[in-house]
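For the sequence shown, position 326 matches number 326 in the UniProt record's numbering, and the numbering has no gaps at all.
Here's the structure, in structure tokens; my notes come after.
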Amino acid sequence: MQENREKCMELANRIYDLDGEVYKCVGSALGRTFTGSRENTVQNLCMLMLTKPDGHLLRSELALISNMARTIKDKEAKDRMIAEYDNILEEIEKLPDGFGKVDIVDLSRAELNPTTRKKLSGDDHLVICISRTQGSAGNDIGFELADELHINYYDVEIFNQVLKRLEAEKGSVNDAETESFADFDKYKKRNFSLKTWFREFNRYHGLPRQDAVFFNMSDLICSLARSEDCVIMGRCADAILTNNHIPHISLFISAPFSLRIQRLMASKNMEFRQAARFLRQMDRQHQKYYDFFTGGRWGRPENYDLCINSANYGIRETIDLIERMIDEKRK
Numbered sequence: 001m002q003e004n005r006e007k008c009m010e011l012a013n014r015i016y017d018l019d020g021e022v023y024k025c026v027g028s029a030l031g032r033t034f035t036g037s038r039e040n041t042v043q044n045l046c047m048l049m050l051t052k053p054d055g056h057l058l059r060s061e062l063a064l065i066s067n068m069a070r071t072i073k074d075k076e077a078k079d080r081m082i083a084e085y086d087n088i089l090e091e092i093e094k095l096p097d098g099f100g101k102v103d104i105v106d107l108s109r110a111e112l113n114p115t116t117r118k119k120l121s122g123d124d125h126l127v128i129c130i131s132r133t134q135g136s137a138g139n140d141i142g143f144e145l146a147d148e149l150h151i152n153y154y155d156v157e158i159f160n161q162v163l164k165r166l167e168a169e170k171g172s173v174n175d176a177e178t179e180s181f182a183d184f185d186k187y188k189k190r191n192f193s194l195k196t197w198f199r200e201f202n203r204y205h206g207l208p209r210q211d212a213v214f215f216n217m218s219d220l221i222c223s224l225a226r227s228e229d230c231v232i233m234g235r236c237a238d239a240i241l242t243n244n245h246i247p248h249i250s251l252f253i254s255a256p257f258s259l260r261i262q263r264l265m266a267s268k269n270m271e272f273r274q275a276a277r278f279l280r281q282m283d284r285q286h287q288k289y290y291d292f293f294t295g296g297r298w299g300r301p302e303n304y305d306l307c308i309n310s311a312n313y314g315i316r317e318t319i320d321l322i323e324r325m326i327d328e329k330r331k
């Protein structure tokens with residue numbers, strides 16, 4: 001502890017001296033970062049280094065000195081000041097209680113979220129899961145992204161076709177047999193005859209039809225993610241793959257409601273009220289479906305690797321942004 005305190009005192013004196021030298025080189029009317037006496041300033045800096053909760057204050061003080069140093073016109077003096085600043089920062093980071101020592105990473109999720117192909121093992125594939133609000137151009141972005149990366153693309157319509165083919169011979173459940181996604185309502189009361197209830201109970205092994213569809217879809221998503229590179233649109237794919245410990249990248253794409261209305265009016269030839277009502281309905285259905293089957297919260301930033309406001313970039317630049325994230329060069 002004593003050795004650590006002595007090291008902090010040494011660094012505090014170096015910080016105080018650096019501040020004075022930077023001020024002399026700049027000659028700015030803004031003044032020095034530290035205006036108090038040397039003794040008081042050094043003691044305060046030492047305490048900041050020894051006290052974890054106040055680490056951000058030390059960072060701010062150092063940032064002020066470095067910001068000023070970068071304005072020095074004399075290149076030789078500037079390089080000397082920056083070099084000393086870097087050395088001090090490196091020494092602070094080596095301290096037992098130096099700032100930045102407590103990370104925020106969730107290791108269980110980080111292992112499943114590679115940002116480059118280099119982090120993927122030989123048995124893993126590049127799987128990009130995209131959730132999106134209606135009218136944010138999420139599907140257009142996902143399709144063009146898959147096309148540029150030369151990987152497969154799956155949305156609800158494609159999943160329906162794949163499941164239909166896979167299950168045709170088995171006579172099992174697939175998405176085409178159930179209500180459309182837009183009509184999803186787990187709590188909707190249904191009027192079944194006793195005969196219909198027994199038939200569906202046996203066919204779906206005692207599960208409600210919508211649950212059987214979801215589990216069937218989950219198996220397909222996991223199978224695809226284990227066997228190929230692909231972009232998967234919606235279908236709770238991010239949560240499904242996380243629960244099955246399959247590496248993937250999860251994205252959420254949205255845009256301001258007013259702009260989504262404008263896009264829907266232009267692309268679907270809808271009136272304003274019709275477009276607004278449709279968007280609200282679809283957002284509710286997305287949220288209800290995702291929240292029920294995953295236990296999470298649809299659209300919450302903490303559930304995704306990256307959330308993008310597509311209106312800030314447009315389709316083309318949003319794709320570029322995602323490509324930079326996964327470090328994939330376009331061919």
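In this text, a Cβ means the ideal position worked out from N, Cα and C, and glycines have one as well.
Since this is a predicted model, take the numbers as computed values, not measurements.
For Leu251, the uninterrupted beta strand (DSSP E) run begins and ends at 249-254, by DSSP. One alpha carbon belongs to Arg59, the other to Ala266, and they sit about 49 Å apart. In the three-state reduction of the DSSP assignment, Leu45 falls in the helix class. Residue nearest to Glu157 within the set Arg263, Pro301, Ile232, Ile246 is Ile232 (criterion: CA-CA distance). Taking all protein chains shown into account, Asp327 has fewer than 16 neighbouring C-beta atoms within 10 Å of its C-beta and is therefore exposed. At the C-beta level, Ala255 and Ala212 stay beyond 7 Å of one another. The residues Ile261, Met265, in chain order, have a CB closer than 7 Å to that of Phe272 in the same chain once the five nearest residues on each side in sequence are set aside. Distance from the Cα of Arg280 is smallest, within the candidate group Pro301, Leu145, Ser258, for Ser258.
Around the CB of Asn303, 16 or more other CB atoms lie within 10 Å, so the residue is classed as buried.
In the three-state reduction of the DSSP assignment, Tyr154 falls in the strand class, which pools E and B.
Under the three-state reduction of DSSP, Met233 is assigned to strand. Between Asp238 and Cys129, the C-beta gap is smaller than 7 Å, which places the two residues in contact. The three-state secondary structure of Arg132, taken from DSSP, is strand. Here the segment 9-18 makes contact with the segment 67-86; the two share three or more CB pairs at distances below 8 Å. Each residue's CA atom was taken as its position, placing Gln287 and Gly295 some 11 Å apart. In this structure, the beta-carbon distance from Val127 to Ile65 does not fall below 7 Å.
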